[in-house]
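Asker:
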Amino acid sequence: MEATAREFNQQSARILAAAEHGETVAVTKNGRHIATLVPAHQADPPPPFPVDPMGDDDLPLFDGPADLSARADALLAEGFGL
92 MEATAREFNQ QSARILAAAE HGETVAVTKN GRHIATLVPA HQADPPPPFP VDPMGDDDLP
152 LFDGPADLSA RADALLAEGF GL
């Protein structure tokens with residue numbers, strides 16, 4: 092099955108139902124193939140948990156104490172020149 096981006100936007104329930112019943116859907120925009128919707132049993136399984144879109148998920152978010160209230164106190168004191 093093929094659907095334009097506009098059709099996908101306006102008839103997504105019907106298109107998703109077709110994919111649920113085993114049909115592969117090619118989505119086009121201005122005549123260019125931009126996406127393929129496949130039934131879930133044919134797709135690669137999703138990762139077991141979300142990954143950090145900004146890079147390595149094992150890096151600390153910031154340097155400093157894990158207790159955010161202590162960090163906030165330090166930043167406030169620094170901001171006021173204390």
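Residue numbers in the sequence shown follow our numbering, run continuously in steps of one, and reach 173 at the last position. All C-beta atoms, glycine included, are put in the ideal place defined by N, C-alpha and C.
1) For alanine 109, tell me which candidate among Arg162, Ala131 and Pro136 has the shortest Cα-Cα distance.
2) Methionine 92 and glutamate 114 - do their beta-carbons sit closer together than 7 Å?
3) Please classify alanine 94: is it buried, with 16 or more other beta-carbons within 10 angstroms of its beta-carbon, or exposed?
4) In this structure, how does DSSP classify histidine 112 when only helix, strand and coil are distinguished?
5) Looking at C-alpha atoms only, which residue of Pro137, Thr119 and Gly172 is the closest neighbour of arginine 97?
Answerer: In short, the structure shows the following:
1) Walking along the sequence shown from the start, residue 109 turns up at place 18. When only C-alpha atoms are compared, the closest one is Ala131.
2) For the purposes of this step, residue 114 is identified with residue 23 of the sequence shown, where counting begins at 1. For the purposes of this step, residue 92 is identified with residue 1 of the sequence shown, where counting begins at 1. Yes, Cβ-Cβ distance for glutamate 114 and methionine 92 is below 7 Å.
3) As a first step, residue 94 is located in the sequence shown; it is residue number 3 there, counting from the start. It counts as buried.
4) The sequence position of residue 112 within the sequence shown is 21, counting from 1. Here histidine 112 sits in coil by DSSP.
5) Along the sequence shown, one-based indexing puts residue 97 at 6. Of the candidates Pro137, Thr119 and Gly172, the one whose C-alpha sits nearest the C-alpha of arginine 97 is Thr119.
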